[in-house]
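Residue numbers (the numbering used here), protein chains in the order written: chain L, 7 to 547; chain G, 7 to 547. Glycine included, every Cβ here is placed at the ideal spot set by N, Cα and C. Working notes, structure below.
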């Protein structure tokens with residue numbers, strides 16, 4: 007299979023048109039049905055697949071960095087009577103279970119990033135739904151700050167997933183309906199089982215949309231609402247930078263970037279992820295799009311996505327860092343101190359990439375076993391987010407960890423806790439203890455274990471064997487059980503809209519995707535668009 | 007299939023011995039391997055199945071009502087080297103998916119009720135683990151207030167589910183480990199993948215157990231720790247009552263109790279649940295075990311359990327209430343006012359039964375279409391918890407709802423919100439408005455719809471058709487999609503240990519139960535105890 011490419015550029019978009027209009031960005035869905043992610047289906051009626059969503063993610067990211075003047079995204083559609091008809095059903099029907107789950111996860115992340123841009127980056131969004139807004143189309147609208155629906159006696163918002171396809175509106179739909187928009191649960195129940203959806207006044211009365219506007223007043227109302235949203239934004243981004251291409255070198259057993267390498271041992275179902283710290287340099291240019299803090303994390307993000315989609319058989323990843331810890335600390339401190347919108351954007355991007363890491367269904371063992379190991383500051387977050395952290399004890403105490411401002415609370419997980427708070431859940435005094443000790447300097451392996459940072463610290467003699475056996479054992483376990491186990495242990499503590507989407511909603515959707523009633527021979531998803539009616543197994547579970 | 011009987015009595019227990027010892031109850035697991043729930047497997051090594059758990063649930067319930075003097079339950083085992091080896095694997099291997107899921111749900115509820123007894127009823131619990139404590143055995147221990155493990159160089163606590171069976175410790179295990187006991191997540195990861203478990207000092211250091219005691223000091227230490235727990239209890243129960251048998255009449259198309267009838271239309275996959283209010287009587291004896299507030303809810307509880315286990319093909323339930331609303335209100339007010347441990351126990355039982363209702367994977371449509379409909383007070387909670395509430399508008403305004411103290415916050419859902427708070431999530435002023443209006447008297451259908459209590463209020467002429475079509479449509483949808491949808495819409499708002507167990511953990515476990523790696527022909531659960539090794543599909547999802 008060809009590797010999946012998550013990089014694109016507005017000049018190469020097939021499915022979206024991006025136009026900058028002062029404070030507004032018009033992001034117009036114009037899905038080209040002849041350019042699906044894979045052959046085998048046509049993207050009719052502004053339905054989407056992974057290729058459409060990769061472009062969407064790119065557009066949002068570029069607006070954050072490249073167009074700081076934009077304060078509101080207006081989502082529109084080129085079709086006259088259809089805003090978006092959701093994820094392409096034929097694509098779902100043709101996809102493997104593993105692909106479906108990862109596709110949903112990526113689309114969920116993109117929609118959460120839209121909300122993140124609004125909450126933290128002064129970049130709001132308006133869904134201008136001038137026509138049918140179904141399934142994933144309405145889920146995109148729900149992720150926007152406001153939703154405008156055309157009042158033409160015909161256009162409805164709808165979640166036909168359950169009645170027509172025997173699956174869920176799993177891209178955050180069910181959760182956002184009741185938890186974000188606070189639609190009354192019995193009304194949400196009616197809405198989610200009414201295939202044709204709800205239109206007009208009722209859609210507004212029930213809180214499904216914010217604005218209801220006629221065709222004649224449409225364009226003016228969209229611009230007015232978008233400008234009103236833009237006017238509310240108080241956070242300034244910029245200065246603008248142009249995000250350079252990552253263009254990794256991809257071979258059959260490795261993906262290599264400037265700062266990141268992901269390599270595979272397919273026979274053993276294991277891999278190694280190496281993140282290199284910044285090179286030692288005289289001055290750090292905290293206005294450059296190639297500054298390590300940004301570029302290395304963009305690379306890491308891309309590597310994680312490729313891992314998820316293109317290497318499903320790789321189960322365990324040893325995660326190493328290499329470099330000069332003091333350089334990472336320097337970058338972290340400078341980044342936090344720099345009073346620019348760009349610097350804040352970089353930190354927010356680091357936070358999102360770390361969340362993508364937390365949400366990647368692979369076992370990650372962080373490993374510090376070299377003198378130039380570099381689990382410092384923002385890279386230490388990777389070790390704290392990993393399932394385990396193995397540290398070698400060397401007699402010179404060269405191997406250790408170091409803390410920076412990046413460990414002090416900004417890099418929250420989906421639950422809203424920092425990784426230290428999640429690690430020492432219910433023991434805030436231990437978080438303080440670790441932060442205080444970190445302020446005094448490097449922490450060697452043995453002490454890191456005592457403090458609860460390392461899972462295992464072992465002498466040179468035992469270390470290699472212990473690690474090898476641990477990885478072999480992990481790689482021998484059921485991938486499904488590990489995914490469920492990690493999803494439970496990683497997300498300790500409070501739940502948020504975000505964790506509800508990835509835990510509760512996604513877990514149910516994954517279950518439903520495996521059930522004959524959706525994906526079996528006679529399932530509703532399988533038979534969609536064919537003359538046969540689905541045949542259900544009626545047992546309730 | 008014979009109907010499942012959830013009623014039992016200590017005099018008929020096969021698997022537990024219950025002995026009252028002053029403030030302590032000794033509940034000793036002595037599983038009789040010759041009395042499984044179904045033929046086909048032996049309950050070796052204190053492993054359990056539904057029959058064992060039905061007795062456990064009965065014992066906890068009776069201790070609450072019949073033995074108010076007991077302040078601490080000591081869980082022990084009759085075997086010398088095994089406390090409990092968890093759910094019986096052969097039973098799981100032989101069970102349908104639907105049974106496995108419902109079995110897990112019931113065992114989860116029972117363990118949550120143990121925690122509820124400690125939090126609200128002055129009835130703590132101690133797990134005295136004098137031997138192997140594996141899987142569901144350790145999950146039972148985690149639900150107790152404290153856990154004591156014997157320090158004999160051999161006995162360990164363990165979660166071998168993932169490494170040996172390719173499933174999860176799904177009876178709350180993963181959740182309680184990190185969220186309740188706050189075991190560090192990387193250590194929890196090691197623990198949950200170490201089949202032989204963790205014993206001795208490390209078990210205590212990692213927070214897996216509270217006490218570590220040698221064999222010679224065992225009995226004295228158990229009694230001492232249990233007495234210390236008992237001494238901490240400040241909530242008094244009682245006076246004691248003896249819970250009478252429910253003994254419903256079960257025919258092929260109905261289960262009939264004194265106050266509750268559950269009947270079925272199997273051809274249409276629908277059912278009707280009727281709850282009758284209290285009979286009009288001169289005085290209400292709020293010390294009697296047959297008082298309506300207790301007896302009707304015990305019947306409802308039993309009916310819900312039978313529905314879950316014995317009627318999987320029934321998908322939609324019309325829920326009606328019949329009686330004199332003022333009598334329900336009278337009972338609610340008297341119950342709330344009565345200053346006795348017994349009265350509090352009754353309210354707590356009502357609350358648990360309502361939670362069981364919320365957690366039942368069937369579509370519930372509450373229906374008020376008779377003049378003697380009786381959605382009042384605690385019975386109104388059923389309508390608020392149902393997926394929809396249909397009310398008929400009659401010109402005499404005989405049909406309506408009424409509120410009581412039972413709607414004012416005590417009857418919390420698993421999320422900790424009241425059903426009114428969940429209904430008007432994020433709109434506390436609407437909760438107040440409804441409560442204020444309720445204090446003024448009955449609310450007829452039309453106003454109930456305006457207030458947001460009813461989903462639909464329709465005139466006599468339209469009502470019957472609208473309801474019939476709604477039920478037919480619901481019964482035509484995929485049962486799996488409905489379960490996932492309802493699980494997302496019903497549990498709006500904050501998440502708790504309880505909702506995490508039923509949402510996140512159970513949803514993942516259900517998914518894993520459908521995967522070939524556990525229950526397929528070559529899956530680990532299927533092949534457990536056989537010479538063949540499981541063969542895994544290695545794709546990570």
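Option in 125/G, 30/G and 160/G with minimal Cα separation from residue 89/G: Looking up residue 89/G in the second chain gives position 83. Nearest option by C-alpha distance: 160/G.
Rounded separation between residue 10/G and residue 251/G - CA only: Locating residue 10/G in the second chain gives position 4, counting from the first residue. Locating residue 251/G in the second chain gives position 245, counting from the first residue. Going from the Cα of residue 10/G to the Cα of residue 251/G covers about 15 angstroms.
Listed by chain order, chain A residues near residue 515/G by CB distance under 7 angstroms: Protein chains in the displayed structure are L and G, and chain A is not among them.
Complete runs of the alpha helix (DSSP H) confined to the stretch 355-417 of chain L [at least 4 residues]: 386-391
Cut-off 7 angstroms between Cβ atoms - residues of its own chain near residue 456/G, not counting five sequence neighbours on either side: On the second chain, residue 456/G is found 450 positions in, with the first residue counted as 1. Excluding positions up to five away in sequence, the list is empty.
Contact with chain G by residue 521/L, beta-carbon distance below 8 angstroms: Sequence index remark: in the first chain, residue 521/L carries index 515 (1-based). Output row for residue 521/L: interface = yes.
Beta-bridge pairing of residue 615/G - partner residues as DSSP gives them: The structure shown does not extend to residue 615/G, since chain G is modelled only from 7 to 547, so the question has no answer here.
Whole-angstrom distance between residue 20/L and residue 359/L, CA atom to CA atom: Mapped onto the first chain, residue 359/L falls at position 353. Mapped onto the first chain, residue 20/L falls at position 14. Going from the Cα of residue 359/L to the Cα of residue 20/L covers about 26 angstroms.
Separation of residue 380/L from residue 476/L, as counted between CA atoms: In the first chain, the residue the question calls residue 476/L occupies position 470. In the first chain, the residue the question calls residue 380/L occupies position 374. Going from the Cα of residue 476/L to the Cα of residue 380/L covers about 22 angstroms.
Any C-beta of chain G under 8 angstroms from that of residue 485/L: As a first step, residue 485/L is located in the first chain; it is residue number 479 there, counting from the start. Yes, residue 485/L lies at the interface with chain G (some Cβ there is under 8 angstroms from its Cβ).
For residue 292/G, the three-state DSSP class (helix, strand or coil): Your numbering for residue 292/G matches position 286 in the second chain. Coil.
Nearest-angstrom beta carbon gap, residue 504/L and residue 420/L [assumed within contact, 8 angstroms]: In the first chain, counting from the first residue as 1, residue 420/L sits at position 414. In the first chain, counting from the first residue as 1, residue 504/L sits at position 498. That belief holds up - the Cβ atoms of residue 420/L and residue 504/L are roughly 4 angstroms apart, short of 8 angstroms.
Interface partners of residue 192/L on chain G, CB under 8 angstroms: In the first chain, the residue the question calls residue 192/L occupies position 186. Per Cβ cutoff of 8 angstroms: 392, 393, 394, 395, 429 and 461.
Of the residues 174/G, 394/G and 494/G, the one placed nearest residue 486/L, counting alpha carbons only: Your numbering for residue 486/L matches position 480 in the first chain. The residue with the shortest Cα to Cα distance from residue 486/L is 174/G.
Top-ranked residue by Cα proximity to residue 213/G, from 223/G, 99/G, 232/G and 186/G: Here residue 213/G refers to the residue found at position 207 of the second chain. Of the listed residues, the one whose Cα sits closest to residue 213/G is 186/G.
Start-to-end residues for the beta strand (DSSP E) that takes in residue 217/G: Against the second chain, residue 217/G aligns to sequence position 211. Taken as a continuous stretch (DSSP letters only), the beta strand (DSSP E) holding residue 217/G covers 217-219.
Start and end residues, beta strand (DSSP E) containing residue 27/L: For the purposes of this step, residue 27/L is taken as the residue at position 21 of the first chain. Start and end: 22-27.
Short-range partners of chain G found in the stretch 257-280 of chain L, where Cβ spacing is below 9 angstroms: 275
Span of the alpha helix (DSSP H), counted from its first residue to its last, around residue 198/G: One-based indexing of the second chain puts residue 198/G at position 192. Start and end: 191-198.
Nonlocal neighbours in the same chain, by C-beta distance under 7 angstroms from residue 235/L, ignoring five residues either side: Reading the first chain from its first residue, position 229 is the one you call residue 235/L. 78, 130, 132, 151 and 152, listed in sequence order.
Cross-chain neighbours of residue 177/G in chain L, by beta carbon under 8 angstroms: Here residue 177/G corresponds to residue number 171 of the second chain, with the count starting at 1. By Cβ distance, chain L contributes nothing, its closest Cβ being about 12 angstroms from residue 177/G, past 8 angstroms.
Contact under 8 angstroms by Cβ, residue 546/G with residue 318/L: As a position in the second chain, residue 546/G is number 540, starting the count at 1. As a position in the first chain, residue 318/L is number 312, starting the count at 1. Yes, these two residues count as a Cβ contact at 8 angstroms.
Every unbroken alpha helix (DSSP H) inside the stretch 64-151 of chain L [4 residues or more]: 95-100, 103-126 and 142-149
Validate contact between the stretch 267-282 of chain L and the stretch 108-127 of chain L using beta carbons, cut 8 angstroms, 3 pairs: no
Within-8 angstroms CB hit, residue 544/G to chain L: On the second chain, position 538 is the one that residue 544/G refers to. Closer than 8 angstroms to some Cβ of chain L, the Cβ of residue 544/G qualifies, so yes.
Positions along the stretch 182-215 of chain L whose CB lies within less than 8 angstroms of some CB in chain G: 183, 184, 185, 188, 190, 191, 192, 193, 194, 195, 196, 198 and 199
Nonlocal neighbours in the same chain, by C-beta distance under 6 angstroms from residue 282/L, ignoring five residues either side: As a position in the first chain, residue 282/L is number 276, starting the count at 1. These residues qualify, in order along the chain: 265, 328 and 329.
At least 3 beta-carbon pairs within less than 8 angstroms: the stretch 197-207 of chain G vs the stretch 156-172 of chain G: yes
Members of the stretch 84-114 of chain L that neighbour chain G once the beta carbon cut-off is set at 7 angstroms: 103, 104 and 107
Classification of residue 470/G by the beta-carbon crowding that lies within 10 angstroms, buried from 16 upward: As a position in the second chain, residue 470/G is number 464, starting the count at 1. Classification for residue 470/G: exposed.
Reduced DSSP category for residue 222/G - H, G, I as helix; E, B as strand; rest coil: One-based indexing of the second chain puts residue 222/G at position 216. DSSP places residue 222/G in coil when its eight states are reduced to three.
Cutoff 8 angstroms; reference residue 399/L; Cβ partners in own chain excluding five residues on either side: Locating residue 399/L in the first chain gives position 393, where the first residue counts as 1. Cβ within range, chain order: 405, 450, 451, 452, 463, 464, 465, 466 and 469.
For residue 326/L, the first and last residue of its enclosing beta strand (DSSP E): Counted from its first residue, the first chain places residue 326/L at position 320. Unbroken beta strand (DSSP E) run through residue 326/L: 322-328.
Residue 240/L classed as buried or exposed, judged by whether at least 16 other C-beta atoms fall within 10 angstroms: Position 234 of the first chain, counted from the first residue, corresponds to residue 240/L. Its Cβ having fewer than 16 others within 10 Å, residue 240/L is exposed.
Beta-carbon proximity of residue 42/G to residue 33/G, cut-off 8 angstroms: As a working note, residue 42/G is residue 36 in the second chain. As a working note, residue 33/G is residue 27 in the second chain. No, Cβ-Cβ distance for residue 42/G and residue 33/G is not below 8 angstroms.
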